[in-house]
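**Student:** If you use the working numbering, the sequence shown closes out at 217, no skipped numbers anywhere.
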Amino acid sequence: MELLQPQALLKKGLILSESFDIDDAFGHGVLQKQAMVLGIMGVFLMSTHFAVIKVIAGDVDHWCQQPPDSNVSAIIWRKEFIPVEADGRPSRCRAYYKNQTDFNNTEPTACNEWEYDVSTAGSTIVSVWNLVCHRRVLLVAALAAHNSGRMLSIVAGLIADYLGRAPVIRVVAGLMVISTVASCFRDIIRHLHNHPIRNDWFCECKLPDDCRDFI
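So this is what it looks like as structure tokens:
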């Protein structure tokens, strides 16, 4: 509290000094140690929160789904009906499908449904939201939406400098409540609107948390 007492600072020569020793002003007692621990915890939590999307968005082996009217086994399907790419690996996005109008057409066709490696399929959002092949751009958009809180939190901090922290925190807290309530219905939203951006913004409450922590 000596920082708020000019007489105490004058006794130590801090007002006339060219260099300001922060230890003389604040000290390093219990309060300062607690503030340091809380600051380190905040940085750790925010860092892990930003990194979680990369952990759950890992790649998973996939291939075109076998048609329901197909009478071949899964092994034959992958061996005979999945073309080989130029690099020698089986295609992940194309397959030989029966053409009902041209039976002589043997060109592989891009697929809209896929099968995934069961050993890793349950550990990534790629298989849950089918973020592969031509839908992979949605994964990039989800990552961008998840990390957009970093930039918007800076804007919220600037607005707080002009309008004050209280009104900005009230608005951010309101958004967090809305997103928290929306997260209760995330399964319904995911089934009705299978869209990763919507799940990322409303179910993870990402943006309000970032703005609140920054302020």
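The beta carbon of each residue, even a glycine, is placed where N, CA and C say it ideally should be.
Strictly by DSSP, which residues pair up with proline 92?
**Tutor:** Paired residue(s): Val86.
**Student:** Output yes or no for whether 8 Å exceeds the beta carbon distance between alanine 76 and cysteine 95.
**Tutor:** Contact flag unset, no.
**Student:** Helix, strand or coil: how does DSSP classify threonine 111 here?
**Tutor:** DSSP places threonine 111 in strand when its eight states are reduced to three.
**Student:** With DSSP as the reference, label tryptophan 65 as helix, strand or coil.
**Tutor:** Of the three classes helix, strand and coil, the one that applies to tryptophan 65 here is strand, per DSSP.
**Student:** Do leucine 133 and leucine 141 have their CB atoms nearer than 8 Å?
**Tutor:** Contact: yes.
**Student:** Please name the residue in Phe52, Gly151, Tyr118 whose C-alpha comes closest to that of glutamine 67.
**Tutor:** Among Phe52, Gly151, Tyr118, the Cα nearest to that of glutamine 67 is on Tyr118.
**Student:** Please work out which residues of its chain come closer than 8 Å, Cβ to Cβ, to alanine 59, disregarding the five sequence neighbours upstream and downstream, and give them in chain order.
**Tutor:** Cβ within range, chain order: Thr126, Ile127, Val128, Leu133, Leu141, Ala144, Leu145.
**Student:** Taking buried to mean at least 16 other C-beta atoms within 10 Å of its own C-beta, is serine 121 buried or exposed?
**Tutor:** Flag for serine 121 reads exposed.
**Student:** To the nearest angstrom, report how far apart glutamate 82 and asparagine 73 are at their CA atoms.
**Tutor:** Between glutamate 82 and asparagine 73, the C-alpha separation is close to 13 Å.
**Student:** From what residue to what residue does the beta strand (DSSP E) around tyrosine 118 run?
**Tutor:** Segment 116 to 118, the beta strand (DSSP E) holding tyrosine 118.
**Student:** List the DSSP bridge partners of alanine 97.
**Tutor:** Looking at the DSSP assignment, alanine 97 forms a beta bridge with Thr111.
**Student:** Is it the case that the Cβ atoms of phenylalanine 52 and asparagine 149 are separated by a distance below 8 Å?
**Tutor:** Closer than 8 Å, so yes.
**Student:** Give the straight-line distance between the Cα atoms of leucine 33 and isoleucine 171, rounded to the nearest whole angstrom.
**Tutor:** Distance between the alpha carbons of leucine 33 and isoleucine 171 is about 24 Å.
**Student:** If you follow the alpha helix (DSSP H) that arginine 137 is in, where does it begin and where does it stop?
**Tutor:** Segment: none, arginine 137 is in no alpha helix (DSSP H) and carries neither H nor E.
**Student:** Assuming arginine 218 contacts proline 69 under a Cβ cut-off of 8 Å, what Cβ separation, rounded to an integer in Å, is found between them?
**Tutor:** Here the chain has residues from 3 to 217 only, and residue 218 is not among them.
**Student:** Between the C-alpha atoms of histidine 64 and methionine 48, what's the straight-line distance to the nearest angstrom?
**Tutor:** Using only the alpha carbons, I get a separation of about 32 Å.
**Student:** DSSP on glycine 60, reduced to helix/strand/coil?
**Tutor:** Reduced to three states, the DSSP call for glycine 60 is coil.
**Student:** Which class does valine 173 belong to by DSSP, given the choice of helix, strand or coil?
**Tutor:** If DSSP states are grouped into helix, strand and coil, valine 173 belongs with the helices.
**Student:** Helix, strand or coil: which one does DSSP assign to histidine 148?
**Tutor:** Of the three classes helix, strand and coil, the one that applies to histidine 148 here is helix, per DSSP.
**Student:** Cα separation between valine 57 and glycine 31?
**Tutor:** Each residue's Cα considered, the two are about 39 Å apart.
**Student:** Can you give the Cα-Cα distance for glycine 44 and serine 155, rounded to whole angstroms?
**Tutor:** Cα to Cα, the separation comes out at about 15 Å.
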